[in-house]
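Student: Residue numbers (full-length UniProt numbering): 1 to 61.
Ideal Cβ positions, reconstructed from N, Cα and C, are used throughout, including at glycine.
(1) Would you report the Cα separation of residue 40 and residue 27, rounded to the nearest angstrom?
(2) With H, G and I counted as helix, E and B as strand and the rest as coil, what does DSSP make of residue 30?
(3) In three-state terms, what does DSSP make of residue 11?
(4) For residue 33, which residues from the same chain have a beta carbon less than 8 angstroms from its beta carbon, with the 5 sequence-adjacent residues on both sides left out?
(5) Please go through the same chain and pick out, in chain order, the residues whose beta-carbon is closer than 7 angstroms to the beta-carbon of residue 8, but skip the five residues on each side of it.
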């Protein structure tokens, strides 16, 4: 784990597309990532995107 990473343009775009297509919210009580981050991670992995998957919606700082 390399610690907190900035959002990159591709991740930001896909994240917002997932919101638009699913109408899901970022946060979910029982999941630190939330459904949008989960879907975004899956989509980027399938696209061969090289950034590490996001592990939480918010940092704990």
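Tutor: On the basis of the data shown:
(1) For the purposes of this step, residue 40 is identified with residue 40 of the chain shown, where counting begins at 1. For the purposes of this step, residue 27 is identified with residue 27 of the chain shown, where counting begins at 1. Their Cα atoms are separated by approximately 14 angstroms.
(2) For the purposes of this step, residue 30 is taken as residue 30 along the chain shown, with counting starting at 1. In the structure shown, residue 30 sits in coil (DSSP, three-state: anything other than H, G, I, E or B).
(3) Position 11 of the chain shown holds residue 11. Helix.
(4) Residue mapping note: residue 33 aligns to position 33 of the chain shown, counting from 1. Taken in chain order, the residues that qualify are 41, 54, 55, 56 and 57.
(5) Taking the chain shown and counting its residues from 1, the one referred to as residue 8 is at position 8. The residues are 51.
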